[in-house]
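In what follows, a structure is listed as structure tokens, so that the remarks can point back to it.
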DNA sequence: ACCTGAACACCGTTCAAGT
DNA sequence: ACCTGAACACCGTTCAAGT
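Protein chains in written order, with the working numbering: chain X, 631 to 880; chain V, 631 to 880.
In structure tokens:
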């Protein structure tokens with residue numbers, strides 16, 4: 631059983647849901663959402679469409695399974711090194727640091743699989759009782775609870791964090807490979823920055839002003855800064871004892 | 631010119647980019663992303679596909695135009711009433727309140743046009759030099775600037791806000807009509823809440839604990855609470871004079 | 001139980017042809 | 001300049017038929 635029977639698998643091995651999901655991920659990574667078709671899948675797996683439909687109900691279910699697998703893998707990794715240790719003054723196992731770690735894990739997963747972002751949003755909504763939503767929500771929420779506050783504020787805080795993470799990571803993933811593997815990342819940002827600088831000064835004072843930073847900024851760093859912003863908001867709200875909406879500061 | 635010539639327009643009026651965009655919005659609103667096809671479009675406009683392609687390069691460009699139009703309309707409205715006046719202690723024209731107003735405007739637009747969320751993310755990434763990104767970014771960023779802080783922190787703050795807004799609103803839009811106009815909103819949340827309560831207590835303590843709130847919560851209210859969370863984080867960071875990453879509190 | 005592969009309905013897009 | 005509509009390549013999905 632533990633022998634070396636598995637090596638040049640490819641066409642010998644029997645078809646299975648797992649193999650299909652695996653192949654689907656490869657296709658998505660290679661060519662984006664449009665790259666996953668049943669024809670491409672049958673070719674890669676050397677079968678007919680009927681064989682795939684035996685293991686998987688339809689494309690939608692396949693995408694769910696694929697999303698599930700990738701997210702599970704991302705959250706399973708406890709990245710001890712992913713947060714630069716020198717950057718924070720806190721112990722690595724504080725709730726704050728753990729939240730940062732989870733956020734970075736999802737960020738990196740989406741960065742590695744840009745198609746994941748849209749899929750995540752789609753599935754989060756299609757079925758909140760699916761396995762992906764609770765998994766993400768729990769991994770964040772558990773740490774939020776350790777931060778204290780009322781149960782109501784914890785729900786709000788966890789939701790806000792998840793929404794920010796998904797929004798930012800999704801945005802970013804798309805920024806990275808902007809629908810084509812042939813576009814250079816630097817050139818892409820350069821062009822965007824230049825376009826922003828050419829906007830009308832009267833209509834777009836702010837956007838023009840930050841155009842320069844937009845070219846120089848580090849995505850990952852800014853993503854983390856955003857997480858910290860939300861975390862700071864959570865703890866600040868706790869300290870003031872206020873619920874949201876009452877504008878404790880300013 | 632200002633006469634009443636326009637009334638039963640439908641098939642008399644000449645085809646134009648505007649009319650195509652208008653019809654596209656109607657189709658998207660009625661049947662979601664899948665509802666917009668060139669066949670449905672030709673039928674509604676009583677033409678052939680060639681006519682549409684004369685005014686619009688392809689489907690992708692049409693979606694961009696549609697997104698642009700809806701967002702522009704949403705941001706153009708200055709909603710004096712949408713933020714319940716009694717809820718906040720601040721003057722309605724403070725930067726904080728203006729940010730809340732813009733956020734609510736986008737939230738409502740996405741709520742009204744659920745397909746908008748995915749489209750927004752797609753376009754934000756496809757072309758940051760497009761007109762949608764700067765429009766949203768500017769309307770938030772201008773108020774962020776009024777909040778003070780360094781230019782670098784303003785860029786971070788504006789990005790964080792936009793990401794949260796898009797993430798939360800997108801999630802929420804999908805929650806609303808979960809891919810079918812026949813599902814009842816209350817039943818949907820009930821089912822989700824029940825599913826969460828049946829999760830394994832050891833693996834999902836937090837998610838189980840907040841399952842109840844998840845059924846009772848008001849989407850709009852929680853969305854606003856999240857905006858406030860981020861806003862609080864921004865001002866707290868300013869007060870402490872710190873840049874993100876240094877964990878000023880806790 | 002698992003797989004084959006032809007077939008169906010539908011999609012975005014093109015293009016010669018009309019006015 | 002603007003529109004028509006047949007045609008093309010491609011898609012997800014089905015299903016009778018095989019083993």
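In this text, a Cβ means the ideal position worked out from N, Cα and C, and glycines have one as well.
Beta-carbon proximity list for residue i, same chain, < 8 angstroms, skipping 5 on both sides
i	result
residue 658 of chain V	665, 666, 696, 743, 745
residue 705 of chain X	732, 735, 736, 765, 766, 769
residue 834 of chain V	826
residue 892 of chain X	Because chain X is modelled from 631 through 880, residue 892 of chain X falls outside the range shown and cannot be assessed.
residue 856 of chain X	794, 798
residue 674 of chain X	653, 656, 657
residue 703 of chain X	739
residue 779 of chain V	787, 864, 867, 868
Close-in-space but distant-in-sequence residues of the same chain around residue i (CB under 6 angstroms, 5 per side omitted)
i	result
residue 694 of chain V	753
residue 809 of chain X	Low per-residue confidence applies at residue 809 of chain X: pLDDT is 45, beneath 50, and the placement is therefore not dependable enough to give any value.
residue 787 of chain X	774, 864
residue 850 of chain V	none
residue 662 of chain X	745
residue 771 of chain X	788
Status (buried if at least 16 other CB within 10 Å, exposed otherwise) for residue i
i	result
residue 591 of chain V	Past the boundaries of the shown model lies residue 591 of chain V; chain V is included only from 631 to 880, so the question cannot be answered.
residue 650 of chain X	buried
residue 683 of chain V	exposed
residue 867 of chain V	buried
residue 741 of chain V	buried
residue 824 of chain X	exposed
residue 795 of chain X	buried
residue 789 of chain V	buried
residue 748 of chain V	buried
residue 644 of chain V	exposed
residue 739 of chain V	buried
Reference residue i, options the options, closest by Cα
i	options	result
residue 652 of chain X	X/838, X/803, X/699, X/848	X/699
residue 854 of chain V	V/822, V/791, V/866	V/791
residue 783 of chain X	X/863, X/739, X/735, X/839	X/863
residue 756 of chain V	X/702, X/673, X/815, X/771	X/815
residue 846 of chain X	X/835, X/836, X/817	X/817
residue 781 of chain X	V/860, V/841, V/747	V/841
residue 819 of chain V	V/748, V/860, V/848, V/739	V/848
residue 688 of chain X	X/851, X/668, X/676	X/668
residue 654 of chain V	V/838, V/644, V/670	V/670
residue 844 of chain V	X/785, X/852, X/861	X/785
Expected contact under 8 angstroms - CB spacing of residue i and residue j to nearest Å
i	j	result
residue 822 of chain X	residue 826 of chain V	The Cβ separation is near 40 angstroms, so there is no contact.
residue 793 of chain X	residue 803 of chain V	Going by Cβ atoms, the distance from residue 793 of chain X to residue 803 of chain V rounds to 12 angstroms, so no, they are not a contact pair.
residue 751 of chain X	residue 800 of chain X	7 angstroms
residue 701 of chain V	residue 692 of chain V	The pair is not a contact, with the Cβ atoms about 15 angstroms apart (cut-off 8 angstroms).
residue 721 of chain X	residue 777 of chain X	With 8 angstroms as the limit, residue 721 of chain X and residue 777 of chain X do not qualify as a contact, their Cβ atoms being about 14 angstroms apart.
Neighbourhood of residue i by C-beta distance below 7 angstroms, restricted to the same chain and skipping five residues each side
i	result
residue 728 of chain X	773
residue 761 of chain V	698
residue 646 of chain X	685
residue 672 of chain V	678, 679, 682
*Along the segment 647-659 of chain V, what residues have a CB closer than 8 angstroms to any CB found in chain X?*
none
*In the segment 813-832 of chain V, which residues sit with their C-beta less than 7 angstroms from some C-beta in chain X, listed in chain order?*
821, 822, 825, 826, 829
_Residues of the segment 851-864 of chain V whose Cβ lies closer than 9 angstroms to any Cβ of chain X, in chain order_ = 851, 852, 853, 854, 855, 856, 857, 858, 859, 860, 861, 862, 863, 864
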